[in-house]
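Numbering (our numbering), first residue to last: 44 to 271.
Built from N, CA and C at the ideal position, the CB exists for glycine as well.
Note that the structure is a prediction, hence the values are computed from the model and not measured.
Have a look at the structure below, then the notes.
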Amino acid sequence: MTAGPCSPILGRRTDIVPAEEQVMGLYGEHVLPRIVNVACGTRTVAPLRRRVCEGLAGDVVEIGFGSGHNVAFYPTAVTRVAAVEPAEVGWKLAGKRLHATSIPVQRSGLDGQSLPFPDDSYDAALSTWTMCTIPDVAAALHELRRVLKPGGTLHFVEHGLAPDERVRRWQRRLEPMQKRIFGGCHLTRPIVDLLTTAGFTITELDVFYEKGTPKVGGADSLGIALSP
């Protein structure tokens, strides 16, 4: 029996991969990064990106780099950025933004749950609307603690569990569909609890509903977490 063709996306024989999995693989690899690029590049989001990037300095690791929407807001005090991004399409879409900055940005990893950096190697970390999709967010936060220098800071803006129970009920109802359409995106992750459980100390925090976004997906937490 002759071997079937190999999928350039999944890296294995398509004749033994379920058809639904092939479709979802193509969607996740090629379509979803383009949707995220548009959805996360709106004018209403730009002020939040500017706020969360304020105060970044030195060597920075950014998890969930995406298509580079934060690049324009890196302060001049940032010396270099290690970009952790699994999506090849997302990285390609970042090209123009990378060419427009003088701050060195290097794609340096594919998985926030396993960072390829030595202990105590970064001054700061940045995460913007990323913790919702990481399968094991506790492992990713443990990794950030490991690679941050003592006293290093994690700057974050994340959507998650809403402060109001009525909105939470809708989040629980809609989360299964949200995860399927948006690459595993959770609506109900308790961002602050996840950070403190991982050993971070929250030094700045603003919890609010994002303007122009349905409350179920726009319950944001923006702040700075200190690594001991």
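Do you know offhand how far residue i's Cα is from residue j's?
i           : j           : result
residue 261 : residue 97  : 21 Å
residue 91  : residue 172 : 11 Å
residue 185 : residue 167 : 14 Å
residue 129 : residue 197 : 20 Å
residue 228 : residue 210 : 17 Å
residue 158 : residue 265 : 23 Å
residue 134 : residue 177 : 18 Å
residue 84  : residue 142 : 17 Å
residue 269 : residue 246 : 7 Å
residue 118 : residue 175 : 25 Å
residue 148 : residue 154 : 17 Å
residue 213 : residue 224 : 17 Å
residue 249 : residue 95  : 11 Å
residue 271 : residue 156 : 20 Å
residue 160 : residue 152 : 9 Å
residue 195 : residue 244 : 11 Å
residue 170 : residue 252 : 18 Å
residue 255 : residue 86  : 11 Å
residue 208 : residue 179 : 25 Å
residue 221 : residue 203 : 12 Å
residue 106 : residue 234 : 15 Å
residue 219 : residue 239 : 26 Å
residue 139 : residue 102 : 22 Å
residue 259 : residue 215 : 9 Å
residue 226 : residue 72  : 10 Å
Can residue i and residue j be called in contact, C-beta distance under 8 Å?
i           : j           : result
residue 144 : residue 114 : yes
residue 124 : residue 146 : yes
residue 217 : residue 230 : yes
residue 188 : residue 137 : no
residue 93  : residue 116 : yes
residue 121 : residue 89  : no
residue 163 : residue 193 : yes
residue 165 : residue 190 : yes
residue 109 : residue 74  : no
Which of the three DSSP states is assigned to residue i in this structure?
i           : result
residue 193 : strand
residue 79  : helix
residue 250 : strand
residue 97  : coil
residue 265 : strand
residue 276 : Since the first and last residues shown for the chain are 44 and 271, residue 276 lies out of range.
residue 244 : strand
residue 86  : coil
residue 219 : helix
residue 239 : helix
residue 230 : coil
residue 259 : coil
Can you tell me whether residue i is buried or exposed? The criterion is at least 16 other CB atoms within 10 Å of its CB, across all chains shown.
i           : result
residue 27  : What is shown of the chain runs 44 to 271, which leaves residue 27 out entirely.
residue 112 : buried
residue 232 : buried
residue 76  : buried
residue 263 : buried
residue 183 : buried
residue 81  : exposed
residue 127 : buried
Sequence ranges, beta strand (DSSP E) only - wholly within the region 113-142, length at least 3: 121-127
- request: For the region 143-210, list the alpha helix (DSSP H) runs that are entirely contained and at least 4 residues long, ordered along the chain.
  value: 180-190
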